[in-house]
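Remarks on the structure that follows.
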Amino acid sequence: MMRQLAPGQITRVLIGGPHLPQPQVLAEVDDVLLEAPNWTGDGRLLLNGDGALFALVLGDEGGQGGGGEQRAGAPVRIPFEGLPAINNDHVLHPDGTRVLMTAEDGQIYSGRIDTRQLEAGQLGGGPVRCLTSGPGGHYLHGISPNGRTIAYVDLGPEGSAHLMLQDLEAGEVRELPVGEGHLDGPGFTPDGAAIVLNTEAFTEEPGHAQLARIDLATSPGPGTPLGPETSPALGASPGQERLRRLCHSESVDWFPHVSPDGRWASYLAYPPGTVGHPADLPVEVRVVSTDDWETPVVRYPVFGGQGTLNVPSWAPDSQRFAFVAYPFENTTRASDE
C-alpha cells in the first residue's frame with residue numbers, strides 16, 4: 038500500500054549543503070506524499086509518490102552553494118508504459134536519459150526520460166524494460182559512474198538482506214559478502230572504486246545500523262580501460278572486498294550518499310534504539326566531509342525518516358542536495374521540528 042499524507046501533514050522538499058547552516062524550502066505539497074529525490078543534470082528533481090514518478094522543475098533563483106532562495110513548481114507526474122507501482126528506491130543513469138526504478142513487484146525497471154520536455158507539458162516516460170528476474174525483492178540504491186553496474190539489496194523469503202551487483206550489459210549477478218546483520222542503501226563512490234552503505238555488521242544491538250565502506254576489486258574485463266570509470270569486477274573473490282566502518286555513532290545511521298566531487302556525504306540519522314528506517318519521527322539529516330565521517334559539518338533536524346533521503350540526491354555542483362520532511366501544517370520550518 039502506498040504511503041499517504043495524514044490529515045494536516047505536508048510534503049516539504051528541502052535543499053541542504055555543506056555551506057548551508059539552515060535548509061532552504063524548495064516546495065510544499067499537500068496532495069501527494071513525495072519521497073526520495075534524485076537531482077538531474079539539468080536542474081530537476083525526480084521523486085516518487087502514489088506509486089508513480091514525479092518531477093519538480095527548480096526555479097532560476099538560488100546561487101551555487103546557497104547564494105539565494107530557490108523554489109519549484111508543482112510536481113508533474115511522469116507516465117511510463119508497463120510500469121508497476123514503484124517505491125522510493127530509484128536512481129538516475131549517469132547518461133541522464135534513463136531512470137532505474139524499483140517496483141512493488143520486487144523487480145527493477147529502466148525507463149527513458151527527457152526532463153527538458155517538462156515546460157512544454159509533453160513529458161512522457163515511454164515503455165520500460167525489466168532488468169531483474171527471480172523471486173524476492175530487489176531494492177535498487179546505486180549505479181556505477183559508467184552506468185554499467187547496479188548495486189541493490191536482495192531480500193530473501195526469510196527476510197535476510199544480501200548486497201548484489203549486476204552487470205547491466207552482461208546480465209551477470211553476484212553477491213558481495215558484507216558480514217552478518219541487516220544492510221541497506223548501497224551506493225557507489227564517484228570514482229566507482231567503493232560502495233558506501235549502512236550495516237548492522239559491527240554490533241549485536243538489534244537495529245543499530247552504522248555507515249561503512251567496501252573497497253571493490255578493480256580487475257577489469259578484457260578491453261575495459263583502467264581509470265575512475267571502471268566498473269567493479271564481478272569475478273572478484275570475496276576476500277578482495279573489505280568492509281570498513283566509517284564512524285562510531287550512538288545514532289542509527291542510514292543511507293549514505295557521497296557528493297559527485299567526492300568531498301562530502303549526506304546521510305540520515307535516527308534516534309538511538311530505532312529499529313529499521315520508519316517514517317514520521319524526529320530525525321537528523323547530516324552532512325560530513327569524507328575525510329572525517331565522525332564530525333558532521335551540518336545537522337538538519339526534521340520530522341521524517343522513511344522517504345527523506347533514501348537515494349542519491351546531490352546536485353552536480355556537489356554544493357547542494359535535496360531531501361524531504363513530512364511536518365504537520367502547524368510546523369513552520371525544518372529547523373523548528
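This note's numbering numbers the first residue of the sequence shown as 38 and each following residue consecutively. Backbone N, C-alpha and C define an ideal beta-carbon position, used for all residues, glycine too.
Does DSSP put G276 in a helix, a strand or coil?
Unreliable positioning characterises G276 in this predicted model, as indicated by a pLDDT of 38, which lies under 50. A coordinate reading is not provided.
Work out the CA separation of R135 and L129 for me, nearest whole Å.
Here the alpha carbon of L129 sits roughly 6 Å from the alpha carbon of R135.
On the DSSP letters alone, give me the boundaries of the beta strand (DSSP E) that S147 sits inside.
145 to 149
For N124, report the span of its beta strand (DSSP E) as first-last.
Segment 123 to 129, the beta strand (DSSP E) holding N124.
Who are the Cβ neighbours of E206 in its own chain at under 8 Å, not counting the five residues just before and after it?
R185
My parser needs the alpha helix (DSSP H) runs of 4 or more residues fully inside the region 63 to 89; what are they?
If only complete runs of 4 or more residues are kept, the region 63 to 89 shows no alpha helix (DSSP H) anywhere.
Do L42 and L84 have their CB atoms nearer than 8 Å?
no
Beta strand (DSSP E) containing D221: first to last residue?
220 to 225
Cβ-Cβ separation, D221 to L234 (assumed contact under 8 Å), whole Å:
Contact between L234 and D221 holds, with the beta-carbon distance rounding to 7 Å and staying under 8 Å.
Start-to-end residues for the beta strand (DSSP E) that takes in L234:
231 to 236
Can you give me the C-alpha to C-alpha distance between A270 and A254, rounded to a whole angstrom?
Low per-residue confidence applies at A270: pLDDT is 42, beneath 50, and the placement is therefore not dependable, though the value from the model is reported in the following sentence. Looking at the backbone, the Cα of A270 and that of A254 are separated by about 6 Å.
Excluding the five sequence neighbours on either side, which residues of its own chain have a C-beta within less than 6 Å of the C-beta of S303, listed in chain order?
H294, V324, F358
CB-CB under 6 Å to E266, same chain, minus the five flanking residues each way: which ones, in chain order?
The pLDDT assigned to E266 is 34, lower than 50, so where the model puts this residue is not dependable; a value taken from the coordinates is nonetheless given after this. For E266, where only same-chain residues beyond five positions count, the Cβ hits under 6 Å are P182, N183.
Starting from T139 and walking both ways along the beta strand (DSSP E), at which residues does that stretch end?
135 to 140
Please tell me whether G216 and A188 are closer than 8 Å, where the distance is taken between their beta carbons.
no
Does the beta-carbon of H285 have 16 or more other beta-carbons within 10 angstroms, so that it is buried, or is it exposed?
exposed
Under a three-way DSSP split, which group does D252 fall into?
strand
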